[in-house]
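S.K.:
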DNA sequence: TTCAAAATCACCCTAAAGTATGAGCCCGGA
DNA sequence: TCCGGGCTCATACTTTAGGGTGATTTTGAA
């Protein structure tokens, strides 16, 4: 959190410095009489372009990359290939998110770790897992994992 | 594809128009003598801010969400007949009783249920499971089960 | 547009799991 | 016989899991 703020401030300061330097440059140019007063539209345009670029850069730097995470499962196996038994999944009415949670459970992650992995809160994972148990008619995560593997819902 | 290009061109044209309008505005202001020559740094700054904002907006509009394909490796070892990997068991120094507990864990039983199944107390199971986790270098039963299956210690 | 399911999150509480430590019993090998 | 490892059990404590309820927001399909 503090780190993030620092980074943001860093950029803001940098931005301010750029502005200041540019203005100084302009002043200097003015003093040097290089700029013809009648034609400052030209470097006005330059400034516009420059700051547009700066804005774009800033936006790209500051915004979290809009990422669409597509989970492509690569099955490294010795034996028959694993295919998700979609029929079983739908029979139980497991949603995509619930399936995600179940998969991470099967990897031995705690609810806390799952929540961090999926960028949601711990409570959300609890809700999902509760629904998973309900739909799978089991009492514990270990049972859910067991059943999930048996029904080929998870590898 | 063509649509995308059109959209981009649209934005570019819009951008150009904005620039033109702004310059016209400036010219007009100049003609109106509203602008004090000595203080154009001020609206230079305004322009800078405006175009930075514009740049940010452009960037946000134009960036496509990045698609990240996460390759998830899943190991499946569906050999038809299961044989206990005794070597791995001994490498970790798991005792017979600890193996029993691990197996029942893998079936999704709670410590209470395991203790009833093995006719020992709950505390005993806790002790065994703690030793299992220690020897397998894992933190949770789910992880122990995961690892146990991967190492062919349990079916 | 509207409606239902999905997804998100919060709070409170109980149950289960896990940690740490200590201790007694039994058995096989030195 | 003594020692160590395995097995048993206990107590006390912390952490995690799970249950129940209610709420808001997103989203997809009708």
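Protein chains in written order, with our numbering: chain A, 9 to 163; chain B, 9 to 163.
A virtual CB, placed ideally from N, CA and C, is assigned to each residue, including glycine.
This structure is a prediction, so every number in the text was calculated from the model and none was measured.
From the DSSP output, in three-state form, read off residue 146(A) for me.
M.R.: Locating residue 146(A) in the first chain gives position 138, counting from the first residue. Correct three-state label for residue 146(A): coil.
S.K.: Could you tell me if residue 114(A) is buried or exposed, where buried requires 16 or more neighbouring beta carbons within 10 angstroms of its beta carbon?
M.R.: Looking up residue 114(A) in the first chain gives position 106. With 16 or more Cβ atoms within 10 Å of its Cβ, residue 114(A) is classed as buried.
S.K.: For the stretch 102 to 113 of chain A, which residues have a CB atom closer than 9 Å to at least one CB atom of chain B, in sequence order?
M.R.: Those would be 111 and 113, in chain order.
S.K.: Go through its chain and collect everything with a Cβ distance to residue 125(A)'s Cβ below 8 Å, but skip five positions before and after it.
M.R.: As a position in the first chain, residue 125(A) is number 117, starting the count at 1. Cβ neighbours of residue 125(A) beyond the five flanking positions: 112 and 117.
S.K.: For residue 133(A), name the three-state secondary structure that DSSP assigns.
M.R.: Translated into the one-based positions of the first chain, residue 133(A) becomes position 125. It is helical.
S.K.: In whole angstroms, what separates the C-alpha of residue 162(A) from that of residue 106(A)?
M.R.: As a working note, residue 162(A) is residue 154 in the first chain. As a working note, residue 106(A) is residue 98 in the first chain. When rounded, the distance between both Cα atoms is 12 Å.
S.K.: Report buried or exposed for residue 153(A), applying the criterion of at least 16 other Cβ atoms within 10 angstroms of its Cβ.
M.R.: Stepping through the first chain from its first residue, residue 153(A) is reached at position 145. Classification for residue 153(A): buried.
S.K.: At a CB-CB cut-off below 9 Å, which residues of chain B make contact with residue 116(A)?
M.R.: The sequence position of residue 116(A) within the first chain is 108, counting from 1. Neighbours of residue 116(A) on chain B, chain order: 146, 147, 148, 149, 150, 151, 152, 153, 154 and 155.
S.K.: Show which residues of chain B have a CB atom less than 8 Å away from the CB atom of residue 159(A).
M.R.: Residue mapping note: residue 159(A) aligns to position 151 of the first chain, counting from 1. Those within 8 Å of residue 159(A) in chain B number zero; the least Cβ separation is about 13 Å.
S.K.: Name, going along the chain, the residues of the stretch 54 to 65 of chain A whose beta-carbon falls closer than 7 Å to a beta-carbon of chain B.
M.R.: Under the 7 Å Cβ criterion, the stretch 54 to 65 of chain A contributes 55, 56, 59, 60, 61, 62, 63 and 64.
S.K.: Within 10 angstroms of the Cβ of residue 156(A), are there 16 or more other Cβ atoms? Answer buried if so, exposed if not.
M.R.: Locating residue 156(A) in the first chain gives position 148, where the first residue counts as 1. So residue 156(A) ends up on the buried side.
S.K.: Please classify residue 161(B): does DSSP put it in a helix, a strand, or coil?
M.R.: Taking the first residue of the second chain as position 1, residue 161(B) is located at position 153. Here residue 161(B) sits in coil by DSSP.
S.K.: Rounding to the nearest angstrom, what Cα-Cα distance links residue 158(B) and residue 99(A) in this structure?
M.R.: Counted from its first residue, the second chain places residue 158(B) at position 150. Counted from its first residue, the first chain places residue 99(A) at position 91. Roughly 28 Å separates the two Cα atoms.
S.K.: Could you check the C-alpha separation between residue 131(B) and residue 143(B) for me, to the nearest Å?
M.R.: Locating residue 131(B) in the second chain gives position 123, where the first residue counts as 1. Locating residue 143(B) in the second chain gives position 135, where the first residue counts as 1. Whole-angstrom Cα-Cα distance: 18 Å.
S.K.: At the level of alpha carbons, what is the spacing between residue 121(B) and residue 103(A)?
M.R.: Locating residue 121(B) in the second chain gives position 113, where the first residue counts as 1. Locating residue 103(A) in the first chain gives position 95, where the first residue counts as 1. Spanning the two alpha carbons is a distance of roughly 30 Å.
S.K.: Starting from residue 123(A), trace the alpha helix (DSSP H) in both directions and tell me its first and last residue.
M.R.: Position 115 of the first chain holds residue 123(A). First-last of the alpha helix (DSSP H) with residue 123(A): 119 to 125.
S.K.: Between 136(A), 110(A) and 137(A), which lies nearest to residue 160(A) when the distance is taken from Cα to Cα?
M.R.: Counted from its first residue, the first chain places residue 160(A) at position 152. Minimum Cα distance to residue 160(A) is reached at 110(A).
S.K.: With a cut-off of 8 Å on the beta carbons, I'd call residue 150(B) and residue 150(A) a contact; round off their distance for me.
M.R.: If you number the second chain from 1, residue 150(B) lands on position 142. If you number the first chain from 1, residue 150(A) lands on position 142. 6 Å between Cβ atoms; contact.
S.K.: Consult DSSP for residue 154(A) and reduce its assignment to one of helix, strand or coil.
M.R.: Against the first chain, residue 154(A) aligns to sequence position 146. Residue 154(A) falls in the helix class under three-state DSSP.
S.K.: When the Cα atoms are used, what is the spatial distance from residue 85(B) to residue 60(B)?
M.R.: Taking the second chain and counting its residues from 1, one reaches residue 85(B) at position 77. Taking the second chain and counting its residues from 1, one reaches residue 60(B) at position 52. With a pLDDT of 49 at residue 85(B), under the threshold of 50, the modelled position of this residue cannot be trusted; read the value that follows with caution. Roughly 56 Å between the two C-alpha positions.
S.K.: Specify the secondary structure class of residue 102(B) as computed by DSSP and reduced to three states.
M.R.: Here residue 102(B) corresponds to residue number 94 of the second chain, with the count starting at 1. Looking at residue 102(B) - three-state DSSP - the assignment turns out to be coil, as it is neither helix nor strand.
S.K.: Quick check on residue 138(B): buried or exposed, where buried means 16 or more other Cβ atoms within 10 Å of its Cβ?
M.R.: On the second chain, position 130 is the one that residue 138(B) refers to. Exposed.
S.K.: Express the C-alpha separation of residue 148(A) and residue 140(B) in angstroms, rounding to a whole number.
M.R.: For the purposes of this step, residue 140(B) is taken as the residue at position 132 of the second chain. For the purposes of this step, residue 148(A) is taken as the residue at position 140 of the first chain. When rounded, the distance between both Cα atoms is 20 Å.
S.K.: For residue 129(B), collect the residues of the same chain with a Cβ closer than 8 Å to its Cβ; drop the 5 residues on either side in sequence, then sort them by chain order.
M.R.: Within the second chain, the letter at position 121 stands for residue 129(B). 123.
S.K.: Rounded to whole angstroms, what is the Cα-Cα separation between residue 58(A) and residue 58(B)?
M.R.: One-based indexing of the first chain puts residue 58(A) at position 50. One-based indexing of the second chain puts residue 58(B) at position 50. Distance between the alpha carbons of residue 58(A) and residue 58(B) is about 12 Å.
S.K.: To the nearest angstrom, report how far apart residue 127(A) and residue 119(A) are at their CA atoms.
M.R.: Indexing the first chain from 1 puts residue 127(A) at position 119. Indexing the first chain from 1 puts residue 119(A) at position 111. Computed Cα separation, rounded: 12 Å.
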